[in-house]
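Novice: Residue numbers (full-length UniProt numbering): 1 to 337. Built from N, CA and C at the ideal position, the CB exists for glycine as well.
(1) Per DSSP, residue 120 forms a beta bridge with which residues?
(2) In three-state terms, what does DSSP make of residue 15?
(3) For residue 250, I'd like the list of residues in its chain whose CB is within less than 7 Å of its CB, leaving aside the five on either flank, ordered along the chain.
(4) Could you spell out where the alpha helix (DSSP H) holding residue 191 opens and where it closes?
(5) Could you work out which residue in 103, 144, 226, 332 is closest to residue 163 when comparing CA atoms only?
(6) For a quick check, are the C-beta atoms of residue 319 and residue 180 less than 8 Å apart?
(7) Given that a residue counts as buried once 16 or more other Cβ atoms are within 10 Å of its Cβ, and exposed if not, what is residue 271?
(8) Evaluate contact between the segment 282-293 and the segment 257-264, counting only Cβ atoms and requiring at least three cross-stretch pairs below 8 Å.
(9) When you compare only the Cα positions, how much space is there between residue 9 and residue 307?
(10) Helix, strand or coil: which one does DSSP assign to residue 319?
(11) Determine which residues share a DSSP beta bridge with residue 235 and list them.
(12) Using the Cβ count rule (16 or more neighbours within 10 Å means buried), how would you classify residue 91?
(13) Kindly list the residues whose CB is nearer than 7 Å to the CB of residue 59, restricted to its own chain and excluding five residues on each side of it in sequence; keep chain order.
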């Protein structure tokens with residue numbers, strides 16, 4: 001390999017891997033895959049509505065996920081860590097200072113600005129990871145597996161296992177279709193949320209679009225364990241997320257706050273421009289305005305930040321109180337023997 005200012009040149013195959021403003025393109029050449037993620041196929045359209053460039057602190061549901069990641073994966077100062085399917089790479093950014101080297105890998109390049117500056121980013125496909133065998137100490141995957149058909153999941157996990165060193169660990173957060181024994185409590189919050197939707201207070205269009213390609217090929221918890229075993233990965237720790245408190249926050253409390261804070265009458269805030277391919281709804285505009293205004297408040301680490309941190313800790317009670325009760329959403333740590 002020859003490293004230049006423009007990227008990396010492979011002398012043996014004469015392939016160039018260019019650098020693009022903060023990430024390197026390491027996508028496999030001359031390989032065609034049958035499955036293409038929506039985030040790759042519709043990257044231009046989705047970039048209009050995902051509001052991905054700026055990052056807030058790890059709060060609310062993202063904060064619960066991140067706290068579980070830090071706690072369960074036990075990140076160390078000398079670790080080489082891979083965020084496999086990193087998306088915006090927000091979790092990589094939030095934890096980059098905890099480890100020796102943080103790598104983010106994704107075939108879509110909707111990376112946050114902070115990630116372009118603080119994380120070693122690669123445009124790459126998880127079915128052909130551009131990393132050597134046994135080169136990664138720890139890896140993680142958050143909200144990824146539910147997007148893939150089973151054959152892609154198998155390739156994804158096999159490649160993750162290949163790159164992990166012996167004794168290396170992989171943390172995943174995803175969800176199956178398994179019902180929770182506490183479903184009646186979460187359904188109550190969702191029913192209240194639907195009442196506000198019918199009243200026109202807010203909507204869930206943006207969330208529905210983001211989740212529109214969820215396949216959940218691992219439909220049951222047994223499917224999850226089977227996939228990990230097939231990849232040669234041994235379960236070490238499991239925590240389920242029965243979203244009793246979380247459902248109320250996400251379906252009612254947070255959406256009411258967005259409806260108020262995202263009102264167009266509260267002043268001007270930049271909003272994404274709609275494209276013919278994917279018009280952005282007013283509900284999506286309102287949600288993005290609310291997030292932009294909230295980020296401005298959170299940067300000051302004042303009362304708003306600490307109020308949301310308190311809500312985050314309340315949501316985390318779902319893990320501490322009900323984490324042993326099987327549900328659709330789960331955190332799992334597996335180890336390569």
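Specialist: Looking at the atomic coordinates:
(1) In the chain shown, the residue the question calls residue 120 occupies position 120. Answer is 103, bridged to residue 120.
(2) Indexing the chain shown from 1 puts residue 15 at position 15. The answer is strand: DSSP assigns residue 15 an E or B state.
(3) Numbered from 1 along the chain shown, position 250 holds the residue referred to as residue 250. Contacts found: 61.
(4) One-based indexing of the chain shown puts residue 191 at position 191. Start and end: 183-198.
(5) Position 163 of the chain shown, counting from 1, holds the residue named residue 163. Minimum Cα distance to residue 163 is reached at 103.
(6) Translated into positions along the chain shown, residue 319 becomes position 319. Translated into positions along the chain shown, residue 180 becomes position 180. Cβ distance not < 8 Å, so residue 319 and residue 180 don't count as in contact.
(7) Residue 271 sits at position 271 when you count from the first residue of the chain shown. Unreliable positioning characterises residue 271 in this predicted model, as indicated by a pLDDT of 47, which lies under 50. A coordinate reading is not provided.
(8) yes
(9) Here the question's residue 9 lines up with position 9 in the chain shown. Here the question's residue 307 lines up with position 307 in the chain shown. About 50 Å.
(10) Residue 319 sits at position 319 when you count from the first residue of the chain shown. The answer is helix: DSSP assigns residue 319 an H, G or I state.
(11) Locating residue 235 in the chain shown gives position 235, where the first residue counts as 1. In DSSP, residue 235 forms a bridge with 334.
(12) In the chain shown, the residue the question calls residue 91 occupies position 91. With 16 or more Cβ atoms within 10 Å of its Cβ, residue 91 is classed as buried.
(13) The sequence position of residue 59 within the chain shown is 59, counting from 1. So the qualifying residues of the chain are 308, 309, 312.
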